[in-house]
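Trainee: If you count by my numbering, then the sequence shown holds residues 526 to 742, one letter each, in order.
For each residue, glycine too, the CB sits at the ideal point set by N, CA and C.
Bear in mind that the values here come from a model prediction, so they are computed numbers and not experimental data.
One structure is given below, represented as structure tokens, and several questions about it will come after.
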Amino acid sequence: MYNLVMKDLKLGINPWFLAMPFLIGALMFIPGWIYLLVLQYFFWISVPNIFGQFKAQNDLMLTMTLPVSRKDKVKPRIIVIVILELLHIFVAMIFSLFTIRLYPNVDYFFFAPYMGFWGICFVMLAIFNIIFIPMYYKTAYKYGAALIASVVATLLFSGVVQWLGIQNNFVFDTFNGSGADDTTLQLFILLAGITIFAVFTIVAYNIAIKRFEKVDI
């Protein structure tokens with residue numbers, strides 16, 4: 526399993542995309558920006574290029590020649606996706622700690638990057654995974670339709686949640702107002718988001734295995 530993960534990281538992914546979390550995360554330094562867009566760049570830039578590279582390298586045929594089960598061929602790719610997602614979100618979280626201290630007097634119109642905000646981000650990643658991964662493994666090499674569907678879903682989610690954060694006083698207070706100082710509430714939202722991310726990704730993985738077993742290569 527370790528060797529298959531390293532195969533993807535070393536052979537299938539350009540090192541540039543391992544540096545992308547730091548470049549994208551730097552957008553957190555923009556005061557009062559729409560921070561939900563930060564992780565969207567992972568969907569818009571990294572994912573299509575990475576999976577395009579896998580397809581160009583004919584990675585599927587190479588993987589099928591390896592003496593491992595189809596289940597063990599799916600797991601490493603999903604682990605790599607999760608590693609990249611966590612790398613993006615953790616780097617952005619670290620940068621946000623500096624942002625909050627650099628701009629202590631900013632009046633946030635959009636979500637401020639407190640703990641609860643990252644719970645929303647984990648849900649957004651969960652939505653991406655539950656759509657992209659099963660759709661991709663219908664063929665294990667066609668990624669365009671899966672990417673479009675998952676990106677549209679995450680944009681709709683982001684738009685609705687951010688609209689609620691602007692229009693609804695309770696939601697605004699939870700993430701930008703008095704609720705932002707409630708550590709227990711913020712931690713609960715963060716942990717709930719992480720739980721949803723884990724559950725959705727596991728479900729996506731199980732669906733992907735079932736679909737990949739039926740793929741005729």
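Measuring only the C-alpha atoms, how far is Arg626 from Ile555?
Mentor: For this step, residue 626 is matched to residue 101 along the sequence shown. For this step, residue 555 is matched to residue 30 along the sequence shown. The straight-line gap from Cα to Cα measures roughly 13 Å.
Trainee: Exposed or buried, what is Ala637 when buried is set at 16 or more other beta-carbons lying within 10 Å of its beta-carbon?
Mentor: Translated into positions along the sequence shown, residue 637 becomes position 112. Ala637 is buried by the Cβ-count criterion.
Trainee: Could you give the distance in angstroms between the alpha-carbon of Thr708 and the alpha-carbon of Ile603?
Mentor: Counting from one through the sequence shown, the residue named residue 708 turns up at place 183. Counting from one through the sequence shown, the residue named residue 603 turns up at place 78. Take the alpha-carbon of Thr708 and the one of Ile603: they are about 32 Å apart.
Trainee: State yes or no: is the C-beta of Ile555 nearer than 7 Å to some heavy atom of the ligand PLP?
Mentor: Among the ligands in the structure shown, none appear at all, so the ligand PLP cannot be discussed.
Trainee: When burial is assigned at 16 or more other CB atoms within 10 Å of the CB, is Ala671 buried or exposed?
Mentor: Here residue 671 corresponds to residue number 146 of the sequence shown, with the count starting at 1. Buried, because 16 or more other Cβ atoms sit within 10 Å of the Cβ of Ala671.
Trainee: Can you have a look at Phe623 and say buried or exposed, based on whether 16 or more other CB atoms are within 10 angstroms of its CB?
Mentor: Sequence index remark: in the sequence shown, residue 623 carries index 98 (1-based). So Phe623 counts as exposed.
Trainee: Could you check whether Asn574 and Phe542 sit closer than 8 Å to each other, using their CB atoms as the reference points?
Mentor: Taking the first residue of the sequence shown as position 1, residue 542 is located at position 17. Taking the first residue of the sequence shown as position 1, residue 574 is located at position 49. In contact: Phe542 and Asn574 (Cβ atoms closer than 8 Å).
Trainee: Apart from the five residues just before and just after Arg736, which ones in its own chain have a Cβ nearer than 8 Å to its Cβ?
Mentor: As a working note, residue 736 is residue 211 in the sequence shown. So the qualifying residues of the chain are Pro659, Tyr662, Lys663.
Trainee: Does the region 637 to 653 come into contact with the region 682 to 700, if we say contact requires no fewer than three beta-carbon pairs (one atom in each stretch) closer than 8 Å?
Mentor: yes
Trainee: May I ask you to report which of helix, strand or coil DSSP gives Ser594?
Mentor: Within the sequence shown, numbered from 1, the residue matching residue 594 stands at position 69. The three-state reading of DSSP puts Ser594 in coil, since its state is none of H, G, I, E or B.
Trainee: Can you list, in chain order, the residues of its chain with a C-beta nearer than 6 Å to that of Met545? Leave out the 5 residues immediately preceding and following it.
Mentor: On the sequence shown, position 20 is the one that residue 545 refers to. For Met545, where only same-chain residues beyond five positions count, the Cβ hits under 6 Å are Ser571.
Trainee: I'd like to check one pair, Thr726 with Ala674: are the Cβ atoms closer than 8 Å?
Mentor: Start at 1 with the first residue of the sequence shown, and residue 674 comes out as number 149. Start at 1 with the first residue of the sequence shown, and residue 726 comes out as number 201. No.
Trainee: Could you check whether Trp558 and Val676 sit closer than 8 Å to each other, using their CB atoms as the reference points?
Mentor: Residue 676 sits at position 151 when you count from the first residue of the sequence shown. Residue 558 sits at position 33 when you count from the first residue of the sequence shown. Result no, Cβ atoms of Val676 and Trp558 do not sit closer than 8 Å.
Trainee: Going by Cα to Cα distance, which pick from Leu715, Tyr566, Lys535, Leu548 is closest to Phe653?
Mentor: On the sequence shown, position 128 is the one that residue 653 refers to. The residue among Leu715, Tyr566, Lys535, Leu548 with its C-alpha nearest the C-alpha of Phe653 is Tyr566.
Trainee: Only counting the same chain, and skipping five residues up and downstream in sequence, which positions put a Cβ closer than 6 Å to that of Val648?
Mentor: Numbered from 1 along the sequence shown, position 123 holds the residue referred to as residue 648. Cβ within range, chain order: Gly718, Ile721.
Trainee: Cβ of Ala665 within 8 Å of Cβ of Leu585?
Mentor: On the sequence shown, residue 665 is found 140 positions in, with the first residue counted as 1. On the sequence shown, residue 585 is found 60 positions in, with the first residue counted as 1. In contact: Ala665 and Leu585 (Cβ atoms closer than 8 Å).
Trainee: Using the three-state DSSP reduction, which class does Asn630 fall into: helix, strand or coil?
Mentor: To locate residue 630, count along the sequence shown from 1; it is residue 105. DSSP places Asn630 in coil when its eight states are reduced to three.
Trainee: By Cβ distance below 8 Å, which residues in the same chain neighbour Asp597 in space, the five residues on each side in sequence not counted?
Mentor: For the purposes of this step, residue 597 is taken as residue 72 along the sequence shown, with counting starting at 1. These residues qualify, in order along the chain: Met526, Leu529.
Trainee: For Ala733 and Val599, I'd like the C-alpha separation in whole angstroms.
Mentor: As a first step, residue 733 is located in the sequence shown; it is residue number 208 there, counting from the start. As a first step, residue 599 is located in the sequence shown; it is residue number 74 there, counting from the start. Distance between the alpha carbons of Ala733 and Val599: 7 Å.
Trainee: So what's Lys580 in DSSP terms, helix, strand or just coil?
Mentor: Counting from 1 along the sequence shown, the entry for residue 580 is found at position 55. Note: Lys580 maps to helix in three-state DSSP.
Trainee: Using the C-alpha atoms, what's the distance from Asp706 back to Val696?
Mentor: Numbered from its first residue, the sequence shown carries residue 696 at position 171. Numbered from its first residue, the sequence shown carries residue 706 at position 181. Looking at the two C-alpha atoms, the distance is approximately 14 Å.
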